[in-house]
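Have a look at the structure below, then the notes.
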Amino acid sequence: MKVLSMIQPWASLFVLREATYETRSWRTNYRGPLAIHTSKKIDKDVSNHIAIKSLLGKHGYTPENLPTGQIIAVCKLVDCLKVTENNETWAILEDGRIVSGNDYFMGDFIVGGYAWVVEDMQMLDEFIPAKGKLGLWEHDLIL
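Residue numbers (the working numbering): 7 to 149.
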C-alpha cells in the first residue's frame, strides 16, 4: 500500500479530519488507497499553539501523547489539486473550490502547491510501527 509520512501534529489533525487537505509542494498522479504515517518528528511550536491544542484536545490528544513513527490510518486519495490563487485568508484550487477558515489555516496553500483530497479516512485500531520515508512509499500493510 502507498504510504505518506507527515509530521505531527499535522498527521493527527488530518486523520481526525480537523484538516481537510494535505498540502504538498509536489503533485502525484496516484489515486487509490493511502496509509498515513506519523514521522518521529513533532513540531513542538505548532503543537503547543492554543488553537492546535484545543483541536487535538477535542479528540483526547495533547502534544505529549501524539503517536510518532507509526502508520495510524488509511484513506483513499481521490484528487490532487493545484493552488491557483492565495489571498492570505483563503485560496482557490484549480477546480474552482475556495479553501477558507480552518481548512485554509491548516495547510500551506502557496500558489503552485497542491492540495491532496482524500475520502474514507479510517483510524487504525492498532497503529503499526514503521520508519518513514520522503515522498510516497510502499508498505506491506495488511488490513
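All C-beta atoms in this analysis are idealised placements derived from N, C-alpha and C, irrespective of residue type, glycine included.
Would you identify the three-state DSSP class for residue i, choosing helix, strand or coil?
i: residue 17; result: helix
i: residue 111; result: helix
i: residue 119; result: coil
i: residue 62; result: helix
i: residue 51; result: helix
i: residue 136; result: coil
i: residue 57; result: helix
i: residue 38; result: strand
Would you kindly check if the distance between the Cβ of residue j and the Cβ of residue i is under 7 Å?
i: residue 75; j: residue 46; result: yes
i: residue 81; j: residue 12; result: no
i: residue 24; j: residue 72; result: no
i: residue 125; j: residue 84; result: yes
Between which residues of its own chain and residue i is the CB-CB distance below 6 Å, once the five residues before and five after are set aside?
i: residue 109; result: 26
i: residue 41; result: 7, 9, 77, 80, 147
i: residue 117; result: 89, 92
i: residue 28; result: 20, 122
i: residue 106; result: 96
Comparing alpha-carbon positions, which option in the options lies nearest residue i?
i: residue 69; options: 51, 79, 84; result: 51
i: residue 141; options: 33, 14, 24; result: 33
i: residue 49; options: 102, 39, 14; result: 14
i: residue 119; options: 100, 131, 106, 111; result: 100
i: residue 37; options: 113, 107, 87, 63; result: 87
i: residue 63; options: 39, 103, 18, 104; result: 18
i: residue 59; options: 98, 143, 16; result: 16
To which residues of the same chain is residue i closer than 8 Å at the C-beta, ignoring the five residues directly before and after it?
i: residue 136; result: 9, 43, 75, 76, 77, 145
Output needed for residue i: all residues of its chain with C-beta closer than 7 Å, excluding positions within five of it in sequence on either side, in chain order.
i: residue 31; result: 119
i: residue 113; result: 25, 27, 29, 121
i: residue 139; result: 11
query = Taking three-plus beta-carbon pairs below 8 Å as touching, is the stretch 84–94 in contact with the stretch 42–62?
reply = no
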